[in-house]
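Notes follow once the structure below has been shown.
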Amino acid sequence: MIPLYWWLIVAAALFCIGLYGVLSRRNAIGVLMGIELMLNAVNVNLVAFWRYITPQAMTGQVFAIFVITVAAAEAAVGLAIIIAAYRRRDTVVVDDMDIMRW
Amino acid sequence: MEFIFYLVPLIPILPLLAFAAVVLFTHRNNRLSSNIVIGATVLSTLISWLVVLATISGGESVQAGGWNLSIPWLPTGSTTLNIGFMVDGFTAAMLFMVPFVCLMIFIYSQGYMKLGQPNQDPRYARFFAYMALFAGGMLLLVVANNLLLLFIAWELMGLCSYLLIGFWSFRDRDHEEHIDHAQVGRARAAALKAFITTRIGDVLLFAGMALLYSYTGTLIFRDIFRPETLESLQSIRLLGMPAVTLIALLIFGGAVGKSAQFPLHVWLPDAMEGPTPVSALIHAATMVAAGVYLVARTLPLFIAGFAGVDAPALYWVAIIGAITAFFGATIGLAQDDIKRVLAYSTISQLGYMMMALGLGGLVAGIFHLLTHAFFKALLFLGSGSVIHGMEHGHHAAPSEQEKGHFNPNDIKTMGGLRHKMPRTFLPYMAGTAALIGFPIITAGFWSKDEILAEAFHLWQETGGLSLPFWVWLAGTLGAFITALYMGRQTALVFWGQPRHAAAEHAHESPPSMTVPLAILAVFAIIGGYFNAPFLGSLLHHFMGEVHEASEVVSSAAVPFQPVVALVSSLMAILGFALGWAIYRNYRLGEVEPFQRWLGPVFTLLRNKYYVDELYHLIIIRPVVWLANQAFNFDSRWVVDPLVNLMGAVGRLASSFSLSFDQVAVDAGMVEGTAKAFNAFGGWLRQTQTGRAQNYLLVVAVTVLLLVGLYLYL
Amino acid sequence: MPISQIVQIVVFVVLTAMTLGGGLGVVLGRNLFHNALFMVLSFAGVVGYYALLDAGFLAGVQLLIYIGAIAILILFAIMLSRGIMGRQRQSNQQWWIAALVALLIFVVLGVVLWQVEWPVADQQALSSPSVAISQLGMELMGPYAIPFEVASILLLAALVGAVILAREMPE
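Here it is in C-alpha cells:
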C-alpha cells in the first residue's frame, strides 16, 4: 500500500495551492475556484484517514459527503453573490470591493 | 430745684440732635433747618438759665463743689475711666453766656445767609448744621466733668471751625453764576491753616492728658484736684520739673493753640475768610475762649507745689498772655480789613485773659471772657452788617473805576456809614466802647479794670520790676493801642464822607440782623455790673470757691484801685480820641497818617511782624521738603520701583510659565500626544484595506507564526 | 515488490500529476476559462484518488457533484461575467507573499505530519475495508440522521438564497 504520509502530503500540497489561489487571484471566481481546491484537499485527507486508520467505520466517508454537500451549497451561494455584485458594480475584481476600507 | 440739674445733659445734646436732624432729614428745606437749630438753641438757653438759677439758689455747696453725674465709660484694664457732667459756679457762669450768644448769632445768621432772598446761600442748611454741631461741642465742653470729654468737645469744635472757616471753599456749581476762585483758594488755605495750627496745640494737650492719666488713673476734675493727687504729682520729677508742672505746661500748649496766643496765633486772622457769624461765634465769643476756660479749669495743676503765683507754669501763662496782649494790639493798628482789625483785637484780648489767669486772677480772667464774648460778638456781627451793606451798595451801583475785584471788607473804601446804617452804627459804638474800656458804663471797663487791678495789686506786693509790673504795663499800653485802633477803624468806617460808590449806596441790614445787635449791645453795657466791686463782686462769690477744694487757688476779690481805673480810663479816652481825630478826614488814595509817621514800623505792623513768613521758612518748607523726600522714597526711588520690580519679576516668571505651558504642555504633551496617536492611528488603519484577501493573508501568516512558535516550544 | 504495489504507485503518481497539475493550472494563468477547465482536471484526479482509496461511492459522488455540478456552475458563472476583465492581470499585489506563505505552510505541514505517529490500523483491517454502500446509507439514516437533515435544510437555504441573490431587481 501507499504510505499514509504520501496521501497527506498530496492533500497538503493541494490545500496550499488552493490557498495560494485564494490569496492571490484578482477575479472573484478565481478565488472561488481556489476555495474548491482547498475543500477537495480536505476531502482527500478525510478519506485517506478513513482508509488507513478506521477502515471499519464509515465515519470518514460520511464526513466527506457532508463536506461535498456544503461545498456545493457554498459554491452556489457564492456564485449568486458574485453575479449580484457584478450586476451592481460592473466588476468582478475582488480588489474593487473594498467598501469596508477605512 | 435739684431736679433741674438732671436736665444738664440736654444742654449739649439738643444742639447735637438738631445737627443730626438737619443733616439726615431736613437739609433740603432751608427755613425748617434753621428753625430747628434755633429752636434747639432756644431750649438749651432756657435750660441753661434755669441751671444758672438753680446754681445761684443752691448756694455755696453747689457753687463750690458742684453737682455731678458720672458714668463708667471706658474700661482700661483694671481701672475704668468715668466721664460725666458737672455744674458748679464756674460752669453756671459759662452757661449763662454761651447758649445765649449762640442764639443771638444764629438768629443773625438767618439774615446774613440771606434766607428767603434770591441770592440765598445755596448751602444754607449745611451752615446751620455745622453751627449746631459747634454749639453742641462748646456746651459739652462747658459741662464736662473730666478732661477726656472736654477734649472730645475740644476736637469737635476744632472740626467745626475747619468746616466753617472753609465754608466758602465749596461752591455749588449748579446754583451760583460766578464763583470767585480766589476766595475759594483763600478759604481752603485758611481752614487748613487753622486746623493744623491748633492741632499742634491739641497734640500737646493730649500729651498732657496722657501723662496725667498714667500717673493718676483718672481724668475727672474733682479727682485730679484733690490735694493728695496733686501732692503725688509734685513728687515725681520729669525733665527737671515736677510732673504736675510739665502737665500744666502741656495743657497750656493746647490753650495756646486754641486761643491763638503767640506763637500759635497765626491762624486766627486768616480765619476771617469764613462767614462773619462764624467769626463772631467761634473766634470771638466761644471757641477761642475754650483755651482760657481750660487753663482756668485746670488752674490747680499750674499752681501745685508752689507758693502763691510763683509757679513756673503760671509764669509762662502770664508772659505769653502779656506778649500776646501787647503785640496783637499793635498789629491791629495797621490792618485795613474790618474783620482783621477785630481778629487782632481778639488775639489781644485773649492775651488779657491769659495774663489774668497767669497772675492767679481766676475770676478776673473769666469775667473778661464773659464780657468779651458779648461785645466782641457784637462787633463782629456789626462788621458783618457793614459788609453786607457795602455789598448791597456795590451791586446797586457798580462803579466804573472798579476794574478787578471789589473788597467789601476794606475800611478804606467805607465812610459816612453812620448815616446810611444807623441801626448798625449805634450798637457797634456800644461794642467799641466796651472794648476800649470806656469808664463806668461799659462792661468791658469793669472786666479789663479788674485784670489791671489784680496786676497792680500784685506789683504792690512784690515790688520792683517783677512779672506783675510787666503785666500791668503791657495791659495798660495795650489798652491805649486798643483804643487807638478802634478809633481809627470806626472813624474810617462810620465817619467822614463815603469814599466809594458802594459806601454811597449802602443801606441798612434787615431786622434779623440788627435786632441781635441791639440785644448784645444791652449786654455789653450792663454786663459789667454784676461783678463790679462796688456792687458786691458777685462773680467772686459765685465762683471764687471753685478751686477751694484744691486748697491752692483762692480768689478773693481784689479791692478797687482808683489809680488803676483812672489810668486805664485815660488810656481809653485818649487813644480813641486820637485815632478818631487823625482818621476822621482821611481820603481814599492818600498815604494814611500812621504810615507817614511810623514808616518802616508801620510796614512791620502791617505785615504782622512777618511771623507767617518766618514760619513758612523754618517750618513749612522743611516739612514740605521732607514730605517730598518721603514721597520720592515711596513713589519714585525705592518702594514703588521695588514693587514694580516684584511685579515685573512675577510677570517674567508667569510669561515663562506661559511659554512652558503653551509649548511643552499644550503643544508638546497634550497636542503632541494627540498628534502621535493620530499619526499612529492613521498609519495603523491602513491595515483595514477592506479587502478580504489581505485579511486572509494576515490570518495565514499568523497561523504560520503560531504553529512555528508551537513547534519550537 | 509485488506488481500490484508498483501499479499502485504508478497510478498514484499519475493521479497526483493530474490533481496537482490541475491545481496549479487553476491558480496560475490568465485565461479564466482555462482555469476552470484545469479545475475539472483536478477534480478528475481526485475521483481517481477516491477509487484508489476504495471509496467507490465517494468517487461517484465526486464525479457527479463536483465535476457535474459545481464545475459546470462555475463555468456558467464565468461565461455570464465574461469579458469584463479582459487583458488585465489575474494576480493581485500580494501574490508573492501569498506564494511564500503557502509554501511555508506546506513545509510546516509536511514537517508536522511526518512527525506524527499515525495510529494506522492493523494489517487485517486494512486489507478489508467496509466498502458496502448500504453501510454508508445506514450510517446516514442512523447515527448521522440529524446532520443529514440539517444538511438538507442548508441546501434549501442555499437554494433560496442563491435565487434571491441572483435575481434581477425590478427597476
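Protein chains in written order, with the numbering used here: chain A, 1 to 102; chain B, 1001 to 1713; chain C, 2001 to 2171.
Even glycine gets a Cβ: it sits at the ideal position worked out from N, Cα and C.
DSSP state of Ala1144 of chain B, grouped into three classes?
Locating residue 1144 of chain B in the second sequence gives position 144, where the first residue counts as 1. In this structure, Ala1144 of chain B counts as strand in the three-state DSSP scheme.
If you measure beta-carbon to beta-carbon, which residues of the segment 1659-1680 of chain B are closer than 7 Å to chain C?
Per Cβ criterion, the list is empty.
How far does the alpha helix (DSSP H) with Gly1575 of chain B in it extend, from its first residue to its last?
As a working note, residue 1575 of chain B is residue 575 in the second sequence. Segment Pro1562 to Tyr1583, the alpha helix (DSSP H) holding Gly1575 of chain B.
Hey, quick one: how far does the beta strand (DSSP E) through Asn1068 of chain B stretch, first residue to last?
Here residue 1068 of chain B refers to the residue found at position 68 when the second sequence is read from its first residue. Asn1068 of chain B -> beta strand (DSSP E) spans Trp1067 to Thr1076.
Look up Leu1081 of chain B in the DSSP assignment and say whether it is helix, strand or coil.
Position 81 of the second sequence holds residue 1081 of chain B. If DSSP states are grouped into helix, strand and coil, Leu1081 of chain B belongs with the strands.
List the DSSP bridge partners of Asp1337 of chain B.
Counting from one through the second sequence, the residue named residue 1337 of chain B turns up at place 337. Note: Asp1337 of chain B sits in a beta bridge opposite B:Asp1410.
Can a CB atom of chain A be found closer than 8 Å to the CB of Thr1689 of chain B?
Position 689 of the second sequence holds residue 1689 of chain B. Cβ-Cβ to chain A under 8 Å: yes for Thr1689 of chain B.
Along the alpha helix (DSSP H) that carries Trp1470 of chain B, what are the first and last residues, could you check?
Here residue 1470 of chain B refers to the residue found at position 470 when the second sequence is read from its first residue. Looking at the DSSP string, the run of the alpha helix (DSSP H) that includes Trp1470 of chain B is Leu1467 to Phe1494.
Residues of chain D with CB under 8 Å from Leu1696 of chain B, in chain order?
Of the protein chains in this structure, namely A, B and C, none is chain D.
Ile1220 of chain B bridges to which residues according to DSSP?
Taking the second sequence and counting its residues from 1, the one referred to as residue 1220 of chain B is at position 220. DSSP lists B:Asn1146 as partners of Ile1220 of chain B.
Please work out which residues of its chain come closer than 6 Å, Cβ to Cβ, to Ala1191 of chain B, disregarding the five sequence neighbours upstream and downstream, and give them in chain order.
As a position in the second sequence, residue 1191 of chain B is number 191, starting the count at 1. Excluding positions up to five away in sequence, the list reads Tyr1162, Ile1165 and Gly1166.
Quick test of the definition: if touching needs 3 or more C-beta pairs under 8 Å, does the segment 1356-1367 of chain B touch the segment 1597-1609 of chain B?
no
Look at the Cβ atom of Leu1230 of chain B, then the Cβ atom of Pro1300 of chain B, and state whether they are nearer than 8 Å.
Your numbering for residue 1230 of chain B matches position 230 in the second sequence. Your numbering for residue 1300 of chain B matches position 300 in the second sequence. Contact: yes.
Measure the beta-carbon distance from Ala1284 of chain B to Ala1377 of chain B and round it to whole angstroms, keeping in mind my assumption that it falls under 8 Å.
Numbered from 1 along the second sequence, position 284 holds the residue referred to as residue 1284 of chain B. Numbered from 1 along the second sequence, position 377 holds the residue referred to as residue 1377 of chain B. Their Cβ separation, rounded to whole angstroms, is 5 Å, which keeps Ala1284 of chain B and Ala1377 of chain B in contact under 8 Å.
If we ignore side chains and look at the alpha-carbon of each, how far apart do Asp1121 of chain B and Ser1109 of chain B end up?
Within the second sequence, the letter at position 121 stands for residue 1121 of chain B. Within the second sequence, the letter at position 109 stands for residue 1109 of chain B. If you take the alpha carbons of Asp1121 of chain B and Ser1109 of chain B, they lie about 11 Å apart.
Since Leu39 of chain A contacts Ala64 of chain A with CB under 8 Å, what's their CB separation in whole angstroms?
What you label residue 39 of chain A is simply residue 39 of the first sequence in a count that begins at 1. What you label residue 64 of chain A is simply residue 64 of the first sequence in a count that begins at 1. Actually they are not in contact, since the Cβ atoms of Leu39 of chain A and Ala64 of chain A sit about 10 Å apart, beyond 8 Å.
Measuring CB to CB, does Phe1375 of chain B end up less than 8 Å from Ala1434 of chain B?
To locate residue 1375 of chain B, count along the second sequence from 1; it is residue 375. To locate residue 1434 of chain B, count along the second sequence from 1; it is residue 434. In contact: Phe1375 of chain B and Ala1434 of chain B (Cβ atoms closer than 8 Å).
Residues of chain B with CB closer than 7 Å to the CB of Asp98 of chain A, please, in chain order.
As a position in the first sequence, residue 98 of chain A is number 98, starting the count at 1. Thr1689, Gly1690 and Arg1691, listed in chain order.
Using a Cβ-Cβ cutoff of less than 8 Å, which residues in the same chain neighbour Gly1382 of chain B once the five nearest sequence positions on both sides are dropped?
Against the second sequence, residue 1382 of chain B aligns to sequence position 382. Counting only Cβ-Cβ distances below 8 Å, and skipping sequence neighbours, we find Thr1424, Pro1427, Tyr1428, Gly1431 and Leu1517.
Helix, strand or coil: how does DSSP classify Met1241 of chain B here?
The residue labelled residue 1241 of chain B in the question sits at position 241 within the second sequence. Of the three classes helix, strand and coil, the one that applies to Met1241 of chain B here is strand, per DSSP.
Take Thr1041 of chain B and list the residues in its own chain whose beta-carbon comes closer than 7 Å to its own, dropping the five residues that flank it on each side.
Residue numbering aside, residue 1041 of chain B sits at position 41 when the second sequence is read from its first letter. Cβ within range, chain order: Pro1015, Pro1099, Cys1102, Leu1103, Phe1106 and Ala1135.
With DSSP as the reference, identify every bridge partner of Ser1385 of chain B, one or two as the case may be.
Within the second sequence, the letter at position 385 stands for residue 1385 of chain B. According to DSSP, Ser1385 of chain B bridges with nothing at all.
Identify the residues that DSSP records as bridge partners of Arg25 of chain A: which are they?
Position 25 of the first sequence, counting from 1, holds the residue named residue 25 of chain A. In the DSSP output, where bridge partners are listed per residue, Arg25 of chain A has C:Ser2091.
If the cut is a Cβ gap below 8 Å, which residues of chain B does Asn2092 of chain C touch?
In the third sequence, residue 2092 of chain C corresponds to position 92, counting from 1. What Asn2092 of chain C touches in chain B: Gln1693.
Strictly below 7 Å CB to CB, what residues from chain C border Ile2 of chain A?
Translated into positions along the first sequence, residue 2 of chain A becomes position 2. What Ile2 of chain A touches in chain C: Gln2008, Ile2009 and Phe2012.
Taking all protein chains shown into account, decide if Asn2092 of chain C is buried (16 or more other Cβ within 10 angstroms of its Cβ) or exposed.
Indexing the third sequence from 1 puts residue 2092 of chain C at position 92. Buried.
Please list, in chain order, the chain A residues whose beta carbon lies closer than 9 Å to that of Arg1651 of chain B.
To locate residue 1651 of chain B, count along the second sequence from 1; it is residue 651. Listed along chain A, no residue sits closer than 9 Å to Arg1651 of chain B by beta-carbon distance, the nearest being about 48 Å off.
Which residues in the same chain as Ala1653 of chain B place their Cβ atom closer than 6 Å to its Cβ, once the five residues preceding and following it in sequence are excluded?
In the second sequence, counting from the first residue as 1, residue 1653 of chain B sits at position 653. Here the set comprises nothing.
Give the range of the alpha helix (DSSP H) segment to which Gly2137 of chain C is assigned.
Numbered from 1 along the third sequence, position 137 holds the residue referred to as residue 2137 of chain C. Element bounds for Gly2137 of chain C: Ile2133 to Met2141.
Identify the continuous alpha helix (DSSP H) that holds Asp2122 of chain C and give its terminal residues.
Start at 1 with the first residue of the third sequence, and residue 2122 of chain C comes out as number 122. Segment: none, Asp2122 of chain C is in no alpha helix (DSSP H) and carries neither H nor E.
Compare the Cα-Cα distances from Val2131 of chain C to each of C:Phe2043, C:Pro2147, C:Thr2019 and C:Leu2053 and report the closest residue.
Within the third sequence, residue 2131 of chain C is the residue found at index 131, counting from 1. Considering only alpha carbons, the answer is C:Leu2053.
Tell me the DSSP bridge mates of Met1086 of chain B?
If you number the second sequence from 1, residue 1086 of chain B lands on position 86. Bridge partners of Met1086 of chain B: B:Asn1068.
Return yes when the Cβ of Phe1005 of chain B is within less than 8 Å of the Cβ of Val1051 of chain B, no when it is not.
As a working mapping, residue 1051 of chain B is identified with position 51 in the second sequence. As a working mapping, residue 1005 of chain B is identified with position 5 in the second sequence. It is a contact, given that the beta carbons lie within the stated cut-off.
If the cut is a Cβ gap below 9 Å, which residues of chain A does Ala1648 of chain B touch?
Here residue 1648 of chain B corresponds to residue number 648 of the second sequence, with the count starting at 1. Correct list: empty, because the minimum Cβ distance to chain A is about 53 Å.
Met2079 of chain C lies in the alpha helix (DSSP H); which residues open and close that run?
The residue given as residue 2079 of chain C occupies position 79 in the third sequence. Per DSSP, Met2079 of chain C belongs to the alpha helix (DSSP H) from Ile2072 to Leu2080.
For Pro1277 of chain B, which option in B:Ser1232, B:Ala1322 and B:Val1386 has the closest C-alpha, if you only look at C-alpha atoms?
Here the question's residue 1277 of chain B lines up with position 277 in the second sequence. Nearest Cα to Pro1277 of chain B within the set B:Ser1232, B:Ala1322 and B:Val1386: B:Val1386.
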